[in-house]
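S.K.: For the sequence shown, our numbering begins at 283 and goes up steadily by one.
From the three backbone atoms N, C-alpha and C, an ideal C-beta is built for every residue, glycine too.
In this text, all values refer to a predicted model and were calculated from it rather than measured experimentally.
The structure follows.
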Amino acid sequence: MSITVVGSIAYDSVRTPFGERERMLGGTAVHFSLACSFFADVHVVGPVGDDFGADELAQLQRRGVDTADIERVADGKTFFWRGHYDYDLNTAHTDDTQLGVFADFEPKLSPASRACDVLFLANIQPELQLRVREQCDRARFVALDSMNLWIETARDALVRVIETVDCVLLNDAELKMLTGQPNLVRAAREVIGWGPRAVVAKQGEYGSALFTAERFFGLPSFPLETVLDPTGAGDTFAGGFIGTIAAELERSAGKLDDVPDPPGAALGDEILRNAMAHGTALASFNVEEFGTERVSRLEHTEIEARIHELHEITHFSGSPLPRRVSRTAS
Numbered sequence: 283m284s285i286t287v288v289g290s291i292a293y294d295s296v297r298t299p300f301g302e303r304e305r306m307l308g309g310t311a312v313h314f315s316l317a318c319s320f321f322a323d324v325h326v327v328g329p330v331g332d333d334f335g336a337d338e339l340a341q342l343q344r345r346g347v348d349t350a351d352i353e354r355v356a357d358g359k360t361f362f363w364r365g366h367y368d369y370d371l372n373t374a375h376t377d378d379t380q381l382g383v384f385a386d387f388e389p390k391l392s393p394a395s396r397a398c399d400v401l402f403l404a405n406i407q408p409e410l411q412l413r414v415r416e417q418c419d420r421a422r423f424v425a426l427d428s429m430n431l432w433i434e435t436a437r438d439a440l441v442r443v444i445e446t447v448d449c450v451l452l453n454d455a456e457l458k459m460l461t462g463q464p465n466l467v468r469a470a471r472e473v474i475g476w477g478p479r480a481v482v483a484k485q486g487e488y489g490s491a492l493f494t495a496e497r498f499f500g501l502p503s504f505p506l507e508t509v510l511d512p513t514g515a516g517d518t519f520a521g522g523f524i525g526t527i528a529a530e531l532e533r534s535a536g537k538l539d540d541v542p543d544p545p546g547a548a549l550g551d552e553i554l555r556n557a558m559a560h561g562t563a564l565a566s567f568n569v570e571e572f573g574t575e576r577v578s579r580l581e582h583t584e585i586e587a588r589i590h591e592l593h594e595i596t597h598f599s600g601s602p603l604p605r606r607v608s609r610t611a612s
């Protein structure tokens, strides 16, 4: 089962109350690919400059990520982001953004990337997302991420591409902003009305929520004593979530039909819940250290153990209590 992701490949410089790093590997496509590589073959598409190092490329390749469609632009500079977090780690403060080669990015997909079974349109300009979507018309499952910038400046184009995908992943504020709805449930229902089968609302340290036309499912974030850097956590969540769906598609030969119609885009309820759990687990590892440090050396057995722990802390019997019998004074 192959997955193509199109998005940014970057250098990040980050400072939190617990430390800082200069020019570490980052970007949406990178965090997504490292997480997703545990479950499927990943093709990453994005541009870098001459300054992008062999060590950073090797970090992806060691995880089996296909880097053939990473475009190295001569005399260009790799996308760079500098930011910091205060003690509220839910809020990133941008100190500097240098688009570099990402400013003129036009995705170039090889035949292998176009033939993907699953496509993730990471946070890039909506018109580019739509052009990539049109090239990957064989994909059985397509998911999309975006941000407030595109909601403000290219909303019509963003809605057009949302109409073509199976799943939308946004944070709760972005969903409300996109729809103009002050209530998250109503916002998610409106987006589902545009065509997607599922909407995932990312809620940072508070967890995530899944909406389909039929059901709702929510998970808290995994409780951690040590959180150093949340950069890339949302993209890591997406990698775990979509990678799990890809693995289930492969196992079932594309017949995830607990929810029927349309064929090939059906989403089973239990599969989606399992995908949410894997996304949550992967994101919890991401925030334990800076950038890609923790996920790049993560082992599959650690993921399985954390999934088990997550199940234990979220499971309850649901058995009804006996009805109270009222007693009147004699």
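Would you give the residue range spanned by the alpha helix (DSSP H) that residue 584 belongs to?
M.R.: Along the sequence shown, read from residue 1 onward, the residue named residue 584 stands at position 302. 582-596 is the extent of the alpha helix (DSSP H) around residue 584.
S.K.: Please say whether residue 395 and residue 327 have beta carbons closer to each other than 7 Å?
M.R.: To locate residue 327, count along the sequence shown from 1; it is residue 45. To locate residue 395, count along the sequence shown from 1; it is residue 113. It is a contact, given that the beta carbons lie within the stated cut-off.
S.K.: Helix or strand or just coil, what does DSSP make of residue 420?
M.R.: Counting from one through the sequence shown, the residue named residue 420 turns up at place 138. DSSP places residue 420 in coil when its eight states are reduced to three.
S.K.: What does the alpha-carbon distance come out to for the pair residue 440 and residue 485?
M.R.: For the purposes of this step, residue 440 is taken as the residue at position 158 of the sequence shown. For the purposes of this step, residue 485 is taken as the residue at position 203 of the sequence shown. Cα to Cα, the separation comes out at about 21 Å.
S.K.: Can you tell me whether residue 411 is buried or exposed? The criterion is at least 16 other CB atoms within 10 Å of its CB, across all chains shown.
M.R.: Reading the sequence shown from its first residue, position 129 is the one you call residue 411. That one is buried.
S.K.: Please list the terminal residues of the continuous beta strand (DSSP E) segment that includes residue 494.
M.R.: Taking the first residue of the sequence shown as position 1, residue 494 is located at position 212. Residue 494 -> beta strand (DSSP E) spans 490-494.
S.K.: State the CB to CB distance for the pair residue 520 and residue 561, rounded to an integer number of angstroms; the pair is presumed to be in contact (CB under 8 Å).
M.R.: Residue mapping note: residue 520 aligns to position 238 of the sequence shown, counting from 1. Residue mapping note: residue 561 aligns to position 279 of the sequence shown, counting from 1. Residue 520 to residue 561, Cβ: 7 Å. Contact.
S.K.: Measuring CB to CB, does residue 642 end up less than 7 Å from residue 384?
M.R.: What is shown of the chain runs 283 to 612, which leaves residue 642 out entirely.
S.K.: Rank 302, 447, 564 by C-alpha distance to the C-alpha of residue 403 and give the top, closest one.
M.R.: Sequence index remark: in the sequence shown, residue 403 carries index 121 (1-based). The candidate whose alpha carbon is nearest that of residue 403 is 447.
S.K.: Hey, out of 382, 348, 373, whose CA is closest to residue 391's CA?
M.R.: Your numbering for residue 391 matches position 109 in the sequence shown. Nearest C-alpha to residue 391: 348.
S.K.: For residue 501, I'd like the list of residues in its chain whose CB is within less than 7 Å of its CB, leaving aside the five on either flank, ordered along the chain.
M.R.: Taking the sequence shown and counting its residues from 1, the one referred to as residue 501 is at position 219. 489, 490, 558, 559, 562, 596, listed in sequence order.
S.K.: Cβ atoms of residue 577 and residue 316: under 7 Å apart, would you say?
M.R.: Reading the sequence shown from its first residue, position 34 is the one you call residue 316. Reading the sequence shown from its first residue, position 295 is the one you call residue 577. Yes, they are a contact pair.
S.K.: What does the alpha-carbon distance come out to for the pair residue 517 and residue 357?
M.R.: Here residue 517 corresponds to residue number 235 of the sequence shown, with the count starting at 1. Here residue 357 corresponds to residue number 75 of the sequence shown, with the count starting at 1. Cα to Cα, the separation comes out at about 28 Å.
S.K.: With a threshold of 7 Å on Cβ separation, who are the neighbours of residue 433 within its own chain once the five nearest residues in sequence on each side are excluded?
M.R.: The residue given as residue 433 occupies position 151 in the sequence shown. These residues qualify, in order along the chain: 440, 456, 459, 460.
S.K.: Shortest alpha-carbon distance to residue 381 belongs to which of 393, 363, 555?
M.R.: In the sequence shown, the residue the question calls residue 381 occupies position 99. Answer by Cα proximity: 363.
S.K.: Let me make sure I understand the geometry here. Which of 507, 304, 471, 399 has the alpha-carbon closest to that of residue 532?
M.R.: Counting from 1 along the sequence shown, the entry for residue 532 is found at position 250. When each option's Cα is compared against that of residue 532, the closest is 399.
S.K.: For the alpha helix (DSSP H) holding residue 614, just list the boundary residues, first then last.
M.R.: Outside the displayed range of the chain (283 to 612) lies residue 614, so it cannot be described from this structure.
S.K.: Whose CA, out of 408, 525, 602, 350, lies closest to the CA of residue 313?
M.R.: Taking the sequence shown and counting its residues from 1, one reaches residue 313 at position 31. For the residues 408, 525, 602, 350, the minimum Cα distance to residue 313 belongs to 525.
S.K.: Ignoring anything shorter than 4 residues or poking outside the region 392-456, list the alpha helix (DSSP H) runs there in chain order.
M.R.: Those alpha helix (DSSP H) runs which fall completely within the region 392-456 and span 4+ residues are 393-396, 408-417, 430-435, 437-444.
S.K.: Select from 407, 471, 514 the residue whose C-alpha is nearest the C-alpha of residue 493.
M.R.: Mapped onto the sequence shown, residue 493 falls at position 211. Of the candidates 407, 471, 514, the one whose C-alpha sits nearest the C-alpha of residue 493 is 471.
S.K.: Run through DSSP, which three-state label would residue 388 get?
M.R.: The residue given as residue 388 occupies position 106 in the sequence shown. Coil, per DSSP.
S.K.: Indicate the three-state DSSP secondary structure (helix, strand or coil) for residue 503 in the structure shown.
M.R.: Along the sequence shown, one-based indexing puts residue 503 at 221. Residue 503: coil per DSSP, three-state reduction.
S.K.: Quick check: is any heavy atom of the ligand NAP less than 6 Å from the C-beta of residue 426?
M.R.: Here there are no bound small molecules, and the ligand NAP is not part of this structure.
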